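Student: Oh and the sequence shown: position 267 is 490 in the UniProt record's numbering, straight run, nothing missing. Built from N, CA and C at the ideal position, the CB exists for glycine as well. Quantities reported herein were computed from a predicted structural model and do not represent experimental measurements. Let me begin by handing over the structure; questions about it come next.
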Amino acid sequence: FYPAVDPGQLIEKIETYTHGNTVEPYRVLVLDDSRAQAKFMEMVLRKAGMTAHIITDPMQIIHALEQFCPEIIILDMYMPGCTGMEIARVIRQQDRFHSVPIIYLSAEDDVSKQLHAMSLGGDDFLTKPIDPKHLVATIHNRGRRARSLLALMIRDSLTGLYNHTHTLNLLEQEISKAKQTRHPLCFAMMDIDYFKKVNDTFGHPIGDRVLRSLSMFLKQRLRKTDHIGRYGGEEFAIILPDTHESDALALLNEIRERFSELQQPAGGHEFRVTFSCGIASWNGSPMDNAQSLCERADRALYQAKADGRNTVVP
Ligand code: GH3
Ligand code: MG
Ligand code: MG
Ligand code: MG
């Protein structure tokens with residue numbers, strides 16, 4: 224039995240895998256109607272240091288996807304009542320598993336049938352009897368690619384911060400955590416002031432450098448447990464778990480002030496840049512969600528702009 228893992232947690236683990244020293248074992252889901260086959264594969268995968276979850280009933284696939292959240296799926300081709308290709312189609316219909324590697328496993332040695340199976344959502348075809356080394360190597364290759372792709376998918380390429388979509392996913396997750404733990408949570412939205420003028424005066428590459436400079440500044444100043452995202456062009460979003468609104472206000476005001484003092488170089492010249500910021504905090508209600516938190520932060524940001532910019536509005 225495996226505890227439920229949400230995809231966000233999985234991504235956090237993958238992040239650790241990509242950027243830290245810990246190597247998380249690959250999470251491999253095996254569906255084979257033969258219990259003996261499934262057990263054998265479970266043993267092979269465990270020996271290779273992977274986390275295996277086996278099911279023998281195709282009807283359990285949806286549940287297993289949700290509960291186990293696999294990074295790689297191994298499907299038997301022929302099972303009573305359905306085929307591996309039909310299961311692959313069900314898996315591919317789920318957004319979250321749209322690009323998870325699927326490896327077919329079968330005694331089928333007709334190459335045209337193998338190719339047909341692979342055209343229907345599979346990535347590899349291994350024939351039984353399985354060579355354990357071949358299986359493990361295939362999983363390693365597919366898994367490594369899938370992980371680096373996922374790590375790229377959640378980042379913004381200019382700043383290396385989380386992108387818009389992932390920032391919102393993280394916000395959803397942190398709200399769920401806050402609801403369980405009853406800890407406070409703040410969400411801040413910031414927008415660089417008169418950024419168009421920076422581009423117009425100094426050029427786009429200098430503008431890009433300002434964006435990176437603010438990203439770096441935020442990374443240095445915030446805790447590991449905070450999440451920083453590039454929400455849009457010159458807009459950033461910050462998720463502050465375990466933080467009361469008054470503390471978030473003090474922190475962001477300090478960051479605002481120090482960032483505004485930074486000298487930004489531009490071909491022999493120097494200039495300064497400010498940002499405006501709006502903060503919203505989770506109101507403790509089970510009804511509060513990411514969308515309403517964003518709306519409140521956005522309204523506060525709008526107010527900060529109206530108040531003359533270079534300010535933080537709670
Ligand atoms: P305000 O104080 O009201 O926010 O004014 P602003 O000029 O910052 O806002 P506006 O929305 O008018 O302009 C935002 C500018 O940000 C326009 C756009 O060209 C620029 N921008 C967006 N993304 C990027 C980027 O990736 N690089 C650079 N250099 N500029 C960008
Ligand atoms: Mg079978
Ligand atoms: Mg803007
Ligand atoms: Mg702006």
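How many Å lie between L516 and G456 at the Cα?
Tutor: 20 Å
Student: Would you check if there are 3 or more beta carbon pairs closer than 8 Å linking the segment 404-414 to the segment 489-497?
Tutor: no
Student: Whose CB is closer than 7 Å to a heavy atom of ligand 1? List the residues in chain order.
Tutor: L381, D414, I415, D416, Y417, F418, K419, K420, N422, H427, G430, D431, L434, G456, E457, S499, K528, R532
Student: On the DSSP letters alone, give me the boundaries of the beta strand (DSSP E) that A330 sits inside.
Tutor: No beta strand (DSSP E) contains A330, which DSSP labels as neither H nor E.
Student: How about P303 and D256: do their beta carbons lie closer than 8 Å?
Tutor: yes
Student: So I326 and T382 are supposed to be a Cβ contact under 8 Å. How far apart are they, rounded?
Tutor: Actually they do not touch by this definition, with Cβ atoms about 35 Å apart.
Student: Do A311 and L343 have their CB atoms nearer than 8 Å?
Tutor: Cβ atoms of A311 and L343: closer than 8 Å.
Student: Is any non-hydrogen atom of ligand 2 found closer than 7 Å to the C-beta of S301, if you look at the structure I gave you?
Tutor: As written in the sequence, residue 301 is Tyr, which differs from the Ser given in the question. Relative to the non-hydrogen atoms of ligand 2, the Cβ of Y301 comes within a distance shorter than 7 Å of at least one.
Student: Going by alpha carbons, who is nearest to N364 out of D332, Q337, P324, S399?
Tutor: P324
Student: State yes or no: is the C-beta of D332 nearer than 7 Å to some heavy atom of ligand 2?
Tutor: no
Student: Per DSSP, what kind of secondary structure is I297 in: helix, strand or coil?
Tutor: strand
Student: Below 7 Å, is the gap between the Cβ of S399 and the nearest heavy atom of ligand 2?
Tutor: no
Student: Please determine whether the Cβ atom of residue 551 lies at a distance below 7 Å from any heavy atom of ligand 2.
Tutor: Residue 551 is absent from the structure shown; the chain starts at 224 and stops at 537.
Student: Got a sec, what are the start and stop residues for the beta strand (DSSP E) D414 sits in?
Tutor: 408-415
Student: Exposed or buried, G426, counting other C-beta atoms within 10 Å across all chains shown (16 or more means buried)?
Tutor: exposed
Student: Whether or not the segment 388-408 and the segment 424-438 are in contact is what I'm after, with contact meaning three or more pairs of Cβ atoms, one per stretch, closer than 8 Å; do they touch?
Tutor: no
Student: Alpha carbon to alpha carbon, how far is R432 from V421?
Tutor: Taking the straight line from one Cα to the other gives about 11 Å.
Student: Could you check if G507 is buried or exposed, using at least 16 other CB atoms within 10 Å of its CB as the buried criterion?
Tutor: exposed
Student: Just how far apart, CA to CA, sit Q283 and T404?
Tutor: Note on geometry: alpha-carbon atoms of Q283 and T404 lie some 31 Å from one another.
Student: DSSP on A343, reduced to helix/strand/coil?
Tutor: First, the amino acid is wrong: residue 343 is Leu here, not Ala. Residue state, collapsed to three classes: coil.
Student: Going residue by residue through the segment 424-460, where are the continuous beta strand (DSSP E) segments of at least 3 residues, counting only ones entirely within it?
Tutor: 450-453
Student: The alpha helix (DSSP H) with I517 in it runs from where to where?
Tutor: According to the sequence displayed, residue 517 carries Cys and not Ile. Its alpha helix (DSSP H) spans residues 513-529.
Student: Compute the beta-carbon to beta-carbon distance between P407 and D449, rounded to the nearest angstrom, for a pair I have assumed lies under 8 Å.
Tutor: Incorrect: roughly 13 Å between the Cβ atoms, too far for contact.
Student: So for S380, helix, strand or coil by DSSP?
Tutor: coil
Student: Does DSSP put M308 in a helix, a strand or coil?
Tutor: helix
Student: Let me know if S371 comes out buried or exposed under the rule of 16 or more other beta-carbons within 10 Å of its beta-carbon.
Tutor: exposed
Student: Nearest-angstrom Cα distance between A275 and F418?
Tutor: Each residue's CA atom was taken as its position, placing A275 and F418 some 50 Å apart.
Student: Mind checking who R250 pairs with in its DSSP beta bridge?
Tutor: T274
Student: With which residues is Q487 paired in a DSSP beta bridge?
Tutor: F494
Student: Of the choices A520, F320, Y385, whose alpha-carbon is the least far from that of K442?
Tutor: Just measuring C-alpha positions, the residue of A520, F320, Y385 sitting nearest K442 is Y385.
Student: Between the C-alpha atoms of S322 and Q526, what's the straight-line distance to the nearest angstrom?
Tutor: Rounded to whole angstroms, S322 to Q526 spans 41 Å at the Cα level.
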